[in-house]
Amino acid sequence: MTTLSILFLLASTPPLIPLPQELAWNAGSFELNRNTGLINKGATNNTLSRLREATDLILRNQAGTSSIVLEQVPGMPDEAYTLEVTPLQLRLTSSSDAGFFYGIQTLKQLNQNGRIRAVKIKDAPRFGWRGLMLDESRHFFGPKFVRKYLDGMAAHKFNNFHWHLTDDGGWRMESKRFPELTRVGAFRKEQGVEWDYGNLWFPGPSSSEKLYGGFYNQDELRSMVDYARVRHINIVPEIEMPGHSLAATASKPELQCEPPPGVMAEYLKGTNSQAPTMMCPGKDSTIEFCKNILDETMALFPSKFIHIGADEVDKTLWRQCKHCQARMKANNLKDEHELQSWFVRQMDAYLASKGRRLIGWDEILEGGLAPGAAVMSWRGISGGIAAAQANHDVVMSPTSHCYFDYSYDTIPTSLVYSYEVIPAALTGEQRNRVLGGQANIWTEWLSTPAEVESMTYPRALALAETLWTQPERKSWSDFEARLNAYYPRLEQMKIAFRLGAPKLDPDVLNLAANKEWKFTRPDIAGAQLVLEDGTVVTGATVPATNKEVKVYFQLPGGRRGDPAVGRVVNLTHTTALNQPGLLSMTIPWTKNTAPPLSEFENAKQAEEASISLVARPTKPYALRFKGGLVVDKPGRYTIGIGSDDGSVLYLDGQKVIDNDGAHPYIERTVTIDLQPGVYPMDLVYFEAGGSSRLEFFWTPPGGTRQAIQSFRHQRSGSSDSDSLAGSGGSI
66 MTTLSILFLL
76 ASTPPLIPLP
86 QELAWNAGSF
96 ELNRNTGLIN
106 KGATNNTLSR
116 LREATDLILR
126 NQAGTSSIVL
136 EQVPGMPDEA
146 YTLEVTPLQL
156 RLTSSSDAGF
166 FYGIQTLKQL
176 NQNGRIRAVK
186 IKDAPRFGWR
196 GLMLDESRHF
206 FGPKFVRKYL
216 DGMAAHKFNN
226 FHWHLTDDGG
236 WRMESKRFPE
246 LTRVGAFRKE
256 QGVEWDYGNL
266 WFPGPSSSEK
276 LYGGFYNQDE
286 LRSMVDYARV
296 RHINIVPEIE
306 MPGHSLAATA
316 SKPELQCEPP
326 PGVMAEYLKG
336 TNSQAPTMMC
346 PGKDSTIEFC
356 KNILDETMAL
366 FPSKFIHIGA
376 DEVDKTLWRQ
386 CKHCQARMKA
396 NNLKDEHELQ
406 SWFVRQMDAY
416 LASKGRRLIG
426 WDEILEGGLA
436 PGAAVMSWRG
446 ISGGIAAAQA
456 NHDVVMSPTS
466 HCYFDYSYDT
476 IPTSLVYSYE
486 VIPAALTGEQ
496 RNRVLGGQAN
506 IWTEWLSTPA
516 EVESMTYPRA
526 LALAETLWTQ
536 PERKSWSDFE
546 ARLNAYYPRL
556 EQMKIAFRLG
566 APKLDPDVLN
576 LAANKEWKFT
586 RPDIAGAQLV
596 LEDGTVVTGA
606 TVPATNKEVK
616 VYFQLPGGRR
626 GDPAVGRVVN
636 LTHTTALNQP
646 GLLSMTIPWT
656 KNTAPPLSEF
666 ENAKQAEEAS
676 ISLVARPTKP
686 YALRFKGGLV
696 VDKPGRYTIG
706 IGSDDGSVLY
716 LDGQKVIDND
726 GAHPYIERTV
736 TIDLQPGVYP
746 MDLVYFEAGG
756 SSRLEFFWTP
766 PGGTRQAIQS
776 FRHQRSGSSD
786 SDSLAGSGGS
796 I
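Residue numbers in the sequence shown follow this note's numbering, run continuously in steps of one, and reach 796 at the last position.
As structure tokens, this is what we get:
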């Protein structure tokens, strides 16, 4: 008997995720063995194959000492099933192959080494669209990983795989009509850093440069469609147009607008990859190319929906392009937003003529929505609300809850679980326009399969339940208990997942206030608490014997979670002042500083001058905020910094928060005991390029989160803007 089976047998209830709509446990269990018979009343061969996988038995099609009964019952909702288990019979009913499939997924979770606890389940999904999106343009992972990813989706009842196949980072779908798309666009120059938007360069196969990438040939794509189909997963391909198209425009320069000569010269030298990232909608040849690519896409993917992206289109060159301006004049389009809408309408009409439907990111609302288009709302929920109110179908995928490339600090599993997919602003028939939801995995900073999986799981389990289970059935505490018992199953499935860290209290131990850490012990199935050297922690505290301590959860299979890192400081402070928060601040800077911050600090450059936030440098730069942190009452404080890119906070010259590295916006917090007084503070920040954001905040004892300092710089087209908020400013 496996460790997993022993753990499940000891549990009072097997952990089911997502939770069925109706469930009642009964006494006894059904045993799978060589004497188990099969009575098939209408199930397909695909269902029988999946049943063999779930039971590890080749079942005889006859009654046995105990029997499995598969019965097709007309009239049940699509994807619905019932499962009734007694000691002598296991009966699974559905009206569809999909319903049988989902019942078998529940059966696999119930199977504890050949024993299935007696239970009665009546189940059906809340939403028809239960999706995960994988970006393979930035990094190419290959067929083996994608099949494994589909297996994980199927096990947890997801049914739409949104496959992001083209973008600025690479073109991954073979085109027979335009072979240059993969000959050139599938292989970019290998970057010196993990990801750099300013260094995307496709030199072509004859180049001596070291190239990075890959693509799927058409046979591989058809095979993947078939693999997904038998697991009741629909693959929704995304072919980005007219923006995010650098891989296409680099392969076929004639798709570009006609930018100023200097811009093209920079691109051809490989020193500016940003200019030609959008297609030219003013050229008839561009429209024809897009229709031809959609023809090839539809021939490979039977999905009703075809995703064209259409997000974040930089329209700068459209304003300068004679073809775009002529198109606008000929069609009475007042601005470039309406030009994009015109383009989307062309694609919508073309897909509709082929019996398909267009879906795109919520930017397709700008300038007027194409008649048959569906919207994927990612910039919050407002796009989804506007689309549903205009009687368009919607898939909800807001960055606030559903962007799984964001850190777990920013979007914890509990936040995903709390998401209510249907916005409260929608009423009546508008609510029916919400098809469901999905999470998105963008891979700029995720370059390996293990990284993708660990950012997906366990958050995908929370989303699976959110999309399947009715909200009145949901309970975070109940889900958390089932999740803690479910980790060994993920380990058995060989899915890399993120196991959180134990909670140390406080994170930073101030020796001036206390001498040991306390921590909690969540009931994670079979997990031990261990120190970095493998020593098992048996008590409830860890003394401050070193400068730092690392404590991990370790599962029976040997997998460790994230470390809880406790650091020791001994802070001095001056006399307390009346006003809590930031005492003073200066903003010195150093020019052309590259990440990481360690390079900035080690350089010890003497040049420091005041910086104008409006005329900030466009190249990588660093800021240093110096002053004093004023504490007016004793107690435990939570201090945090959030940044895009790196930041480090020092108190009294000692590092208390390390948020270093080139990365999207990530928040880090620590708890620390402080006495009243002024603590010397040094906050160092760097920006690698693009939009900037720095947040410095705290939660005083018994209080709520408050901003101490905020710095932002957002790019929008060709205009820049900055803001700097002091103590009490908005987050």
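Ideal Cβ placement from N, Cα and C applies to all residues, glycine included. Every value quoted in this text rests on a predicted model; they were computed, and no experiment measured them.
If you count every other CB in all the chains shown that lies within 10 Å of the CB of residue i, and 16 or more means buried, which is it?
| i | result |
| --- | --- |
| G692 | buried |
| A687 | buried |
| A836 | Here the chain comprises residues numbered 66 to 796, so residue 836 is not present and cannot be evaluated. |
| Y479 | The residue you asked about is not Tyr; residue 479 is Ser in the sequence shown. Classification of S479: exposed, given that the 10 Å Cβ count is below 16. |
| S350 | exposed |
| D458 | buried |
| D725 | buried |
| A515 | exposed |
| W541 | exposed |
| T655 | Its pLDDT being 44, under 50, T655 is placed unreliably by the model, and the measurement read from it follows with that caveat. Buried: at least 16 other Cβ atoms inside 10 Å. |
| S202 | buried |
| K106 | exposed |
| P488 | buried |
Does DSSP put residue i in a helix, in a strand, or in coil?
| i | result |
| --- | --- |
| Y277 | strand |
| A629 | strand |
| T120 | helix |
| V150 | strand |
| F618 | strand |
| T600 | coil |
| T764 | strand |
| S442 | strand |
| I429 | helix |
| N724 | strand |
| P318 | helix |
| R759 | Per the sequence presented here, residue 759 reads as Leu, with Arg not at that position. It is a strand residue. |
| L74 | Residue placement at L74 is flagged as unreliable, the pLDDT there being 37, under the threshold of 50; the coordinate-derived value follows with that caveat. Helix at L74. |
| Y468 | strand |
| P536 | helix |
Answer yes or no: the CB of residue i versus the heavy atoms of the ligand ADP, is any distance below 7 Å?
| i | result |
| --- | --- |
| K387 | Absence of the ligand ADP from the depicted structure is noted, as is the absence of any ligand whatsoever, leaving it without description. |
Start and end of the beta strand (DSSP E) containing residue i?
| i | result |
| --- | --- |
| H388 | Segment K387 to A395 is the alpha helix (DSSP H) holding H388; no beta strand (DSSP E) there. |
| S447 | From DSSP, S447 is part of no beta strand (DSSP E) but of the alpha helix (DSSP H) over S447 to Q454. |
| H227 | N225 to H229 |
| M746 | G742 to E752 |
| N505 | V499 to I506 |
| L548 | Here L548 belongs to no beta strand (DSSP E); instead the alpha helix (DSSP H) covers W541 to Q557. |
| E87 | E87 to E96 |
| H372 | F370 to H372 |
Can you tell me where the alpha helix (DSSP H) holding residue i begins and where it ends?
| i | result |
| --- | --- |
| F166 | D162 to L175 |
| G217 | P208 to A220 |
| D413 | E401 to S418 |
| M363 | D349 to L365 |
| A529 | R524 to W533 |
| Y686 | Taken as a continuous stretch (DSSP letters only), Y686 belongs to no alpha helix (DSSP H), being part of the beta strand (DSSP E) at Y686 to V696. |
| L480 | T478 to S483 |
| L246 | E245 to R248 |
Give me the DSSP bridge partner(s) of residue i.
| i | result |
| --- | --- |
| M238 | Y281 |
| Q719 | L716 |
| Q593 | Q619 |
| A155 | Residue identity check: residue 155 is Leu in the sequence provided, not Ala. Partner(s): I133 and V150. |
| N299 | N225 |
| Y702 | I737 |
| F584 | L569 |
| F205 | F205 is not bridged to any residue. |
| D232 | G235 |
Is the CB of residue i under 8 Å away from at least one CB in chain B?
| i | result |
| --- | --- |
| G718 | Of the protein chains in this structure there is only one, and it is not chain B. |
Worksheet item: Is there contact between the region 289-303 and the region 254-274, where contact requires at least three CB pairs shorter than 8 Å?
Response: no
Discussion item. Across the region 76-95 and the region 141-158, are there enough close Cβ pairs to call them in contact, namely three or more that are closer than 8 Å?
Written reply: yes
Item to complete: Please determine if the region 541-554 and the region 492-508 are in contact, where contact requires at least 3 C-beta pairs separated by less than 8 Å.
Response: no
Worksheet item: Using 8 Å as the Cβ pair cut-off and three pairs as the minimum, do the region 300-316 and the region 355-374 touch?
Response: yes
Worksheet entry | Three CB pairs or more closer than 8 Å across the region 252-267 and the region 389-408 | no
Practice prompt. Decide if the region 207-219 is in contact with the region 172-183; the criterion is three or more beta carbon pairs, one per stretch, under 8 Å apart.
Written response: no
Discussion item. Taking 8 Å as the cut-off, does the region 228-236 touch the region 184-197 (at least 3 CB pairs, one atom from each stretch)?
Written reply: no
Worksheet item: Given 8 Å as the limit, is there contact between the region 386-397 and the region 410-419, that is, 3 or more CB pairs closer than that?
Response: no
Discussion item. Would you call the region 576-588 in contact with the region 530-539, where contact means no fewer than 3 C-beta pairs closer than 8 Å?
Written reply: no
Item to complete: Specify whether the region 128-140 and the region 153-171 touch according to this definition: at least 3 beta carbon pairs, one from each stretch, less than 8 Å apart.
Response: yes
Discussion item. Does the structure place the region 278-292 close enough to the region 237-247 that three or more beta carbon pairs sit under 8 Å?
Written reply: yes
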